[in-house]
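First the structure, in the form of structure tokens, and then the observations on it.
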Amino acid sequence: MATKKSSPLAIKQFRQLKRSDLVAQEIKRMITEKNLSPGDRLPRESELQAQFEVSKGTIREALKSLEVQGLITISTGPSGGGTIVEVPLDRTLQFLQNYLFFKEVTIDNIYAVRMMLEPELAAGAVAHLTEEDFVALEHSITCCDPASSQTDLIMQRREDVNFHDILAAANPNPFLRFTCELINEMIRQLIVFGNRTPQTEHRRFGEENANYHRDIVAAARARDAEQVRALMTRHMQDATRAVKRMKGRIQGRLILDADSLRSPRVPVSTASQAVLEKKPTTSRKSAGSARTTSRSSKAKSTAS
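Per full-length UniProt numbering, the very first residue in the sequence shown carries number 1; after that it's consecutive.
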């Protein structure tokens, strides 16, 4: 049996579909087959045009589609073209929110999933935590504890979530890590508390979180994965009750607008970020960024 010709024939056979979309699919396949990684460059437009036997406009439309998906960045000029990048968590969250836009997702739904996943995530990270990770975790606790932190309570709650991102970065299961990081991102961007939430409640919540985090770090240092799992289970149960007590809610419908995506980012504590940026894996680098938005005029906080 004759072997099928690759990309050009495949594109010609499906003329009823949009050519640029088919080219984009073929470029994705090429990235996989050549085992390209973030930072690697795609062939020049003229080379792609010749390879797929399509017009320059089709190639540019295909590259633009990949850029919108967050898979590449495009530069102009003689040395321009497409460069592969890792899809940002913000972009992934936007796609997820668009998918969930017409579905009734509640805080209870989010925390029900979190209670199932976070204990396993933390327990699985124990054997892989380094001394640098412990330094970052302990610094995060200092920053989120109302008894020791000088930052406002909202910033302290954001640092609570960063603690969980550091644990996620150490877990070797990429799908579990991604799912928990995505939930953390939803908590940062979507869960808010109104101005009527007393400051004493925020302080109480922060103190409870900091105490749990200290116990989790102590158990992790002892390499006691079962104890870490048990502590994280109780932590998530108490955090769920606290969010209900503080009347937390989801900010608007599950969709991000362009303005929120362009909002300034608030970095994690400097020490935590510096430690995480030393890690060789991309996931640990991305875990060091606190992704926040300030779309509401109401007081906003994040829940650990």
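Note that the Cβ used here is the ideal one computed from N, Cα and C, for glycine as well.
Starting from the Cα of residue i, find the closest Cα among the options and give me that residue.
| i | options | result |
| --- | --- | --- |
| residue 242 | 221, 192, 228 | 192 |
| residue 378 | 57, 94, 72, 39 | With the chain running from 1 to 304 in the structure shown, residue 378 is simply not present. |
| residue 165 | 134, 146, 218 | 134 |
| residue 203 | 121, 178, 147, 112 | 147 |
| residue 20 | 186, 110, 53, 127 | 53 |
| residue 44 | 56, 38, 176, 215 | 56 |
| residue 48 | 65, 30, 174 | 30 |
| residue 121 | 231, 249, 42 | 231 |
| residue 220 | 128, 51, 156, 87 | 128 |
| residue 155 | 188, 173, 179, 178 | 188 |
| residue 98 | 18, 213, 186, 197 | 186 |
| residue 340 | 199, 162, 33 | Past the boundaries of the shown model lies residue 340; the chain is included only from 1 to 304, so the question cannot be answered. |
| residue 206 | 227, 226, 223, 149 | 149 |
| residue 235 | 223, 163, 94 | 163 |
| residue 142 | 176, 214, 104 | 214 |
| residue 212 | 113, 33, 161, 34 | 161 |
| residue 239 | 131, 67, 112, 151 | 112 |
| residue 67 | 87, 51, 50 | 87 |
| residue 74 | 96, 42, 130 | 42 |
| residue 65 | 18, 102, 35, 32 | 18 |
Apart from the five residues on each side of it in sequence, which residues of its chain come closer than 6 Å, Cβ to Cβ, to residue i?
| i | result |
| --- | --- |
| residue 125 | 167, 170, 171 |
| residue 145 | 210 |
| residue 279 | For residue 279, the predicted model reports a pLDDT of 45, less than 50, meaning its position is unreliable; a value from the coordinates is still stated below. Nothing listed; no residue qualifies. |
| residue 233 | 119 |
| residue 227 | 219 |
| residue 225 | 123, 126 |
| residue 176 | 121 |
| residue 201 | 246 |
Check whether the Cβ atoms of residue i and residue j sit closer than 8 Å, and answer yes or no.
| i | j | result |
| --- | --- | --- |
| residue 23 | residue 59 | yes |
| residue 182 | residue 89 | yes |
| residue 91 | residue 70 | yes |
| residue 159 | residue 140 | yes |
| residue 249 | residue 107 | yes |
| residue 229 | residue 123 | yes |
| residue 115 | residue 25 | no |
| residue 82 | residue 63 | yes |
Do residue i and the ligand ATP come close, with the Cβ less than 7 Å from some heavy atom?
| i | result |
| --- | --- |
| residue 121 | Absence of the ligand ATP is noted for the structure shown, with no ligands found whatsoever. |
For residue i, which residues does DSSP report across the bridge?
| i | result |
| --- | --- |
| residue 83 | 41, 73 |
| residue 113 | In the DSSP output, where bridge partners are listed per residue, residue 113 has none listed. |
| residue 192 | 249 |
Which of helix, strand or coil does DSSP assign to residue i?
| i | result |
| --- | --- |
| residue 267 | Note that residue 267 scores 40 on pLDDT, short of 50, meaning its location in the model is unreliable and no value can be drawn from it. |
| residue 105 | coil |
| residue 68 | helix |
| residue 54 | coil |
| residue 245 | helix |
| residue 34 | coil |
| residue 198 | coil |
| residue 174 | helix |
| residue 28 | helix |
| residue 20 | helix |
| residue 204 | helix |
| residue 153 | helix |
| residue 148 | coil |
| residue 222 | coil |
| residue 119 | helix |
| residue 100 | coil |
| residue 259 | Confidence at residue 259 is low in this model, with a pLDDT of 39, below 50, so the placement of that residue should be treated as unreliable; the coordinate-derived value is given next. Note: residue 259 maps to helix in three-state DSSP. |
| residue 130 | coil |
Leaving out the 5 sequence neighbours to the left and right, which residues in its chain are closer than 7 Å to residue i when beta-carbon positions are compared?
| i | result |
| --- | --- |
| residue 138 | 217 |
| residue 262 | The predicted position of residue 262 is uncertain, since its pLDDT is 35 and thus under 50; no value can be drawn from it. |
| residue 173 | 124 |
| residue 179 | 117 |
Using a Cβ-Cβ distance under 8 Å, would residue i count as near chain D?
| i | result |
| --- | --- |
| residue 240 | Protein chains in the displayed structure number just one, and chain D is not present. |
Using C-beta distances below 8 Å, list every residue in its chain close to residue i, excluding the 5 sequence neighbours before and after it, in chain order.
| i | result |
| --- | --- |
| residue 37 | 84 |
| residue 223 | 126, 127 |
| residue 184 | 161, 164, 165, 168 |
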